[in-house]
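**Student:** In my numbering, the protein residues as written are 57 to 306.
The structure is given below, and queries will be raised subsequently.
Here it is in structure tokens:
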């Protein structure tokens, strides 16, 4: 029997317990007949002051994946969405994303699954981007090698990056919009054809949409790309206002 409220699709969303951006942004982008059901990956809001601290944060998130999946599966969702982007690419480019999918498949019986590693390259291709990209993240510099490897394995050179080195998981969501704006301007070098943003707890969705107007090129927030990819993979092609060209034109 079809879910009465989620008669088009019920998404089971897995995101860290410290993340306060994924849930409201996904709700903003949710068309009628689609519902989001969020399970939290338990992690502490410990301070981050070094590359080593950030590596430990990713390890803790990774360990918490299965328990959150087990919780959300009790709602019997139609489709699983991973509401964290770093885990999709940490430690091995496309191999890391494939390993995450295999773990999810084992617990869900192979339910349709969307993660940032699938969504961001698809979004770039939807815009016809071929040349170098810029990347903005809340991460520490340790992320650079993972991001560059991922981009290269998906066919994109990285021309510029900006890592904001936010001081804790919760503080990522409290990043001032002025800091995000300045980061976008910094990575907008002449050769950059598009800018993508990693870090699902950065409040970037609506700012990225606005930035497309004054930068004159695609600015793709990870939450927008991930939710777009999940919707389109279900055959749901509603045009959503307020989150940029990706959800309006593709």
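Yeah, the Cβ is synthetic: ideal placement off N, Cα and C, and Gly gets one too.
(1) Taking the CB atoms as reference points, tell me whether residue 246 and residue 210 lie closer together than 9 Å.
(2) DSSP state of residue 279, grouped into three classes?
(3) When the Cα atoms are used, what is the spatial distance from residue 188 to residue 215?
(4) Where does residue 108 land, buried or exposed, given buried means 16+ other C-beta within 10 angstroms?
(5) What are the partner residues of residue 95, as DSSP defines its beta bridges?
(6) Assess, as a yes-or-no matter, whether the stretch 165 to 173 is touched by the stretch 274 to 293 under the definition of 3 or more beta carbon pairs within less than 8 Å.
(7) Buried or exposed for residue 222, going by 16 or more other Cβ atoms inside 10 Å?
(8) Please tell me whether residue 304 and residue 295 are closer than 9 Å, where the distance is taken between their beta carbons.
(9) Going by alpha carbons, who is nearest to residue 287 out of 83, 73, 71, 58?
(10) Name the DSSP bridge partner or partners of residue 251?
(11) Would you mind reading off the limits of the alpha helix (DSSP H) that contains residue 157?
(12) Can you give me the Cβ contacts of residue 127 inside the same chain, cut-off strictly under 6 Å, excluding the 5 residues immediately before and after it?
(13) So, helix, strand or coil for residue 169, using DSSP?
(14) If you count every other CB in all the chains shown that lies within 10 Å of the CB of residue 301, and 16 or more means buried, which is it?
(15) Got a sec? Which residues, its chain only, sit under 7 Å from residue 243 by beta carbon, not counting five neighbours each side?
(16) Consult DSSP for residue 104 and reduce its assignment to one of helix, strand or coil.
**Tutor:** This is what the structure holds:
(1) Residue 246 sits at position 190 when you count from the first residue of the chain shown. Residue 210 sits at position 154 when you count from the first residue of the chain shown. No, Cβ-Cβ distance for residue 246 and residue 210 is not below 9 Å.
(2) Walking along the chain shown from the start, residue 279 turns up at place 223. When DSSP states are grouped into helix, strand and coil, residue 279 belongs to the helix group.
(3) Walking along the chain shown from the start, residue 188 turns up at place 132. Walking along the chain shown from the start, residue 215 turns up at place 159. Taking the straight line from one Cα to the other gives about 5 Å.
(4) Residue numbering aside, residue 108 sits at position 52 when the chain shown is read from its first letter. When all chains shown are included, residue 108 counts as exposed.
(5) For this step, residue 95 is matched to residue 39 along the chain shown. Paired residues: 70.
(6) yes
(7) Counting from 1 along the chain shown, the entry for residue 222 is found at position 166. Its Cβ being crowded by 16 or more others within 10 Å, residue 222 is buried.
(8) As a first step, residue 304 must be located in the chain shown, where it is residue number 248. As a first step, residue 295 must be located in the chain shown, where it is residue number 239. Going by C-beta atoms, residue 304 is nearer than 9 Å to residue 295.
(9) Here residue 287 refers to the residue found at position 231 of the chain shown. Among 83, 73, 71, 58, the Cα nearest to that of residue 287 is on 83.
(10) By one-based count along the chain shown, residue 251 stands at place 195. Paired residue(s): 190, 275.
(11) Locating residue 157 in the chain shown gives position 101, where the first residue counts as 1. Looking at the DSSP string, the run of the alpha helix (DSSP H) that includes residue 157 is 150 to 164.
(12) Here residue 127 refers to the residue found at position 71 of the chain shown. Result list for residue 127: 95, in chain order.
(13) Here residue 169 refers to the residue found at position 113 of the chain shown. Residue 169 falls in the strand class under three-state DSSP.
(14) In the chain shown, residue 301 corresponds to position 245, counting from 1. Burial call: buried.
(15) If you number the chain shown from 1, residue 243 lands on position 187. The residues are 190, 191, 192, 216, 217, 218, 251.
(16) Your numbering for residue 104 matches position 48 in the chain shown. Here residue 104 sits in coil by DSSP.
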